[in-house]
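J.: Protein chains in written order, with the numbering used here: chain X, 35 to 289; chain E, 35 to 289.
All residues carry an ideal CB built from backbone N, CA and C; glycine is no exception.
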């Protein structure tokens, strides 16, 4: 008999996040679950790793076939630590999320949720990140359940191509209003006016991260188009940054 | 008359790093230089950004046509802050480094040096990251100068394709022993045994980041091959994570 599937789950909103809990409970319908998630909010940490201090980790809670652990590192640290020390066997899949807020388009590059997925990808494991387009503390993660079941079940049944992971974004809609699921490409976009300058009470400047998301790439299978139309977007992603098309154009730099 | 080139320069080793100083001085041969670099070591921070606290920045030093600033953020923060508040005009190019140690192959994904390059790329600017394959405090950054001049001059003369940035790695060799410069692709590789478990004096476990770099992809234009043969590797990179080849294979997940 085939081994029961094992899921390693993390996120960047922290182990107490409702989004992570929803993902863990839904994955537990398919197999055993080991959670290793940050003990704090680790949003915007990308694929960063902790090199200059050691990490601590602990078991937070056991509930049925789910073990919740936390550590004081980044989402990518969580994947490394979970794989090497807390999973009783090699996971069938690494899952990350459900994130509060979008990781579609270029937001993938800043995302701790997706940093964990990229880390799992580098480890040669199937990996999927889930994000809901809703920052509100009242975000309805239950509306994501049909999507989670479809994607997790689908990837268990038909493995991802080697080297491919998935960036899944779910529109802010009741489950029955979601129109379907679309395979997409990452939309081109930019953040402008990223930092707001303020002055402290003694006259010195400081800057807060803010920004306007500017995207007019809502065509030809872009994830932003699918989401705007009410579909779940699924972008197959890879960790090879090479711009192959540009290689031939750069030969003049060789000596 | 064309405007004098302006370079925005950052790194992840901090504003006091000798590698950054060498890069700034060499770029200043071509135009004006604004440095905005972390005031601390920010290695391993990838493309992370600071969302939960404000940033501080200050002018550290002026030297000829170079202004050195530092801030308490990440390399990506430095690029945003430098572009929006410290550059007197849009830079001709964003440069990052020279990093102590390799950012070839998959190391790009953890690198703060390359995180800054990816941030500049998202801002639509030409950007180049430089790394020297030497972690020693005595690393010889002067041996990098001919490479810096060739790449910076070359990119000024013939602009990079839109959306393309460069990841430049320089072997640990005297300048005269470097065999040349090769356009490469990112080698496939993995880090194994990432974390070492230790026990503190009262018996509790903690984990240090460590790891073994495993790469047997030293063929077909890989950056690791070029470096092993004594060449500088130049990988054209992009910020589109989409695995286009996998899109057609994922259609069964659509509903």
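#1: Quick one: give me the first and last residue of the alpha helix (DSSP H) that residue 153(X) is part of.
#2: Compute the Euclidean distance between the alpha carbons of residue 53(X) and residue 196(E), then round it to the nearest angstrom.
#3: Our contact map puts residue 182(E) next to residue 60(E) with C-beta atoms below 8 Å; I'd like the distance itself, whole angstroms only.
#4: What residues of chain X sit near residue 272(E), judged by a beta carbon separation below 7 Å?
#5: I'd like to check one pair, residue 103(X) with residue 92(X): are the Cβ atoms closer than 8 Å?
#6: Excluding the 5 residues preceding and the 5 following residue 207(X) in the sequence, name in chain order all residues of the same chain whose CB lies nearer than 8 Å to its CB.
#7: Along the alpha helix (DSSP H) that carries residue 257(E), what are the first and last residues, could you check?
#8: What are the uninterrupted segments assigned as beta strand (DSSP E) that are 3 or more residues long and contained completely in the stretch 207 to 255 of chain E, given in chain order?
#9: Would you verify that the beta carbon of residue 98(E) is, or is not, closer than 8 Å to some beta carbon of chain X?
#10: Would you call the stretch 78 to 90 of chain X in contact with the stretch 122 to 132 of chain X, where contact means no fewer than 3 C-beta pairs closer than 8 Å?
#11: On the DSSP letters alone, give me the boundaries of the beta strand (DSSP E) that residue 169(E) sits inside.
#12: Excluding the five sequence neighbours on either side, which residues of its own chain have a C-beta within less than 6 Å of the C-beta of residue 222(X), listed in chain order?
#13: Would residue 118(X) count as contacting chain E if we go by Cβ distances under 8 Å?
#14: Count the other CB atoms, across all protein chains shown, that sit within 10 Å of the CB of residue 189(X); report buried if there are 16 or more and exposed otherwise.
#15: At the level of alpha carbons, what is the spacing between residue 151(E) and residue 161(E)?
#16: Starting from residue 44(E), trace the beta strand (DSSP E) in both directions and tell me its first and last residue.
#17: Let me see if you follow: with CB-CB separation under 8 Å, is residue 280(E) close to chain A or not?
#18: Roughly how many angstroms lie between the CA atoms of residue 113(X) and residue 171(X), to the nearest whole one?
#19: Have a look at residue 230(E) and residue 243(E) and give me their C-alpha separation to the nearest angstrom.
#20: Check for me: the beta strand (DSSP E) holding residue 102(X) runs from which residue to which?
#21: For residue 67(X), which residues in chain E fall below 7 Å Cβ to Cβ?
#22: Under a Cβ-count criterion, where at least 16 other Cβ atoms within 10 Å of its own Cβ denotes burial, should residue 220(X) be classed as buried or exposed?
#23: Determine the extent of the beta strand (DSSP E) in which residue 160(E) is found, giving its start and end residues.
#24: Leaving out the 5 sequence neighbours to the left and right, which residues in its chain are closer than 7 Å to residue 175(X) when beta-carbon positions are compared?
#25: Do three or more CB pairs link the stretch 277 to 289 of chain E to the stretch 140 to 151 of chain X at distances below 8 Å?
#26: Where in the stretch 59 to 128 of chain E do unbroken runs of the alpha helix (DSSP H), each at least 4 residues long, occur, reported from the N-terminal end onward?
#27: Taking the continuous alpha helix (DSSP H) assigned at residue 185(E), which residues delimit it?
#28: What residues of chain E sit near residue 243(X), judged by a beta carbon separation below 7 Å?
#29: With 16 other CB atoms within 10 Å as the buried threshold, where does residue 30(X) fall?
#30: Kindly indicate if chain E contains any beta-carbon less than 8 Å away from that of residue 253(X).
#31: Taking the alpha-carbon of residue 259(E) as reference, which of 217(E), 234(E), 155(E) and 226(E) has the nearest alpha-carbon?
#32: Using a Cβ-Cβ cut-off of less than 9 Å, list which residues of the stretch 157 to 187 of chain X approach chain E; keep chain order.
#33: Less than 6 Å between C-beta atoms, sequence neighbours within five positions excluded: which residues of the same chain meet that for residue 78(E)?
#34: Roughly how many whole angstroms lie between the Cα atoms of residue 100(E) and residue 117(X)?
#35: Nearest chain E C-beta to residue 143(X) closer than 8 Å, yes or no?
#36: Quick check: what's the CA-CA separation for residue 111(E) versus residue 159(E)?
T.: Inspection of the coordinates gives the following:
#1: Against the first chain, residue 153(X) aligns to sequence position 119. Start and end: 146 to 156.
#2: As a working mapping, residue 53(X) is identified with position 19 in the first chain. As a working mapping, residue 196(E) is identified with position 162 in the second chain. Each residue's Cα considered, the two are about 37 Å apart.
#3: Position 148 of the second chain holds residue 182(E). Position 26 of the second chain holds residue 60(E). Sure, about 4 Å apart at Cβ, within 8 Å.
#4: Working through the second chain from its first residue, we reach residue 272(E) at position 238. Within chain X, the residues near residue 272(E) are 275 and 277.
#5: For the purposes of this step, residue 92(X) is taken as the residue at position 58 of the first chain. For the purposes of this step, residue 103(X) is taken as the residue at position 69 of the first chain. Yes, the pair counts as a contact, with Cβ atoms nearer than the cut-off.
#6: Translated into positions along the first chain, residue 207(X) becomes position 173. So the qualifying residues of the chain are 177 and 264.
#7: Against the second chain, residue 257(E) aligns to sequence position 223. 257 to 262 is the extent of the alpha helix (DSSP H) around residue 257(E).
#8: 214 to 217, 224 to 226, 229 to 233, 239 to 243 and 246 to 248
#9: For this step, residue 98(E) is matched to residue 64 along the second chain. No, its Cβ sits nowhere closer than 8 Å to a Cβ of chain X.
#10: no
#11: Position 135 of the second chain holds residue 169(E). Note, residue 169(E): premise wrong, no beta strand (DSSP E); not H, not E.
#12: Translated into positions along the first chain, residue 222(X) becomes position 188. Excluding positions up to five away in sequence, the list reads 251.
#13: Stepping through the first chain from its first residue, residue 118(X) is reached at position 84. Interface flag for residue 118(X) against chain E is set, since a Cβ pair is found closer than 8 Å.
#14: Translated into the one-based positions of the first chain, residue 189(X) becomes position 155. Buried.
#15: Numbered from its first residue, the second chain carries residue 151(E) at position 117. Numbered from its first residue, the second chain carries residue 161(E) at position 127. For residue 151(E) and residue 161(E), the distance between alpha carbons rounds to 6 Å.
#16: In the second chain, residue 44(E) corresponds to position 10, counting from 1. Note, residue 44(E): beta strand (DSSP E), 40 to 44.
#17: The chain labelled as chain A is not found among the protein chains of the depicted structure, namely X and E.
#18: The residue you call residue 113(X) lines up with position 79 of the first chain. The residue you call residue 171(X) lines up with position 137 of the first chain. A direct Cα-Cα distance of roughly 25 Å separates residue 113(X) from residue 171(X).
#19: Here residue 230(E) refers to the residue found at position 196 of the second chain. Here residue 243(E) refers to the residue found at position 209 of the second chain. Near 7 Å, if we compare the C-alpha coordinates of residue 243(E) and residue 230(E).
#20: Residue mapping note: residue 102(X) aligns to position 68 of the first chain, counting from 1. If you look at residue 102(X), you'll find it in the beta strand (DSSP E) that goes 100 to 105.
#21: The residue given as residue 67(X) occupies position 33 in the first chain. Residues of chain E passing the Cβ test: none, with the nearest at roughly 21 Å.
#22: Reading the first chain from its first residue, position 186 is the one you call residue 220(X). Classification of residue 220(X): buried, given that the 10 Å Cβ count is 16 or more.
#23: As a working mapping, residue 160(E) is identified with position 126 in the second chain. Looking at the DSSP string, residue 160(E) is not in any beta strand (DSSP E), and its letter there is neither H nor E.
#24: On the first chain, residue 175(X) is found 141 positions in, with the first residue counted as 1. If we look at residue 175(X) and ignore the five residues flanking it on each side, its Cβ neighbours are 52, 53, 56, 132 and 166.
#25: no
#26: 109 to 115
#27: As a first step, residue 185(E) is located in the second chain; it is residue number 151 there, counting from the start. Where residue 185(E) is concerned, the enclosing alpha helix (DSSP H) stretches over 179 to 191.
#28: Translated into positions along the first chain, residue 243(X) becomes position 209. Under the 7 Å cutoff, chain E gives 83, 84 and 85.
#29: Outside the modelled stretch of chain X, which goes from 35 to 289, sits residue 30(X), for which no answer is possible.
#30: Locating residue 253(X) in the first chain gives position 219, where the first residue counts as 1. By this cut-off, residue 253(X) is not an interface position.
#31: Locating residue 259(E) in the second chain gives position 225, counting from the first residue. Taking the Cα of residue 259(E) as reference, the smallest distance to any Cα among 217(E), 234(E), 155(E) and 226(E) is reached at 217(E).
#32: 157, 158, 184 and 185
#33: By 1-based counting over the second chain, the position of residue 78(E) is 44. Excluding residues within five positions, the ones whose Cβ falls inside 6 Å are 144.
#34: The sequence position of residue 100(E) within the second chain is 66, counting from 1. The sequence position of residue 117(X) within the first chain is 83, counting from 1. Looking at the two C-alpha atoms, the distance is approximately 46 Å.
#35: Translated into the one-based positions of the first chain, residue 143(X) becomes position 109. Chain E has a Cβ within less than 8 Å of the Cβ of residue 143(X).
#36: Reading the second chain from its first residue, position 77 is the one you call residue 111(E). Reading the second chain from its first residue, position 125 is the one you call residue 159(E). Cα to Cα, residue 111(E) sits roughly 15 Å from residue 159(E).
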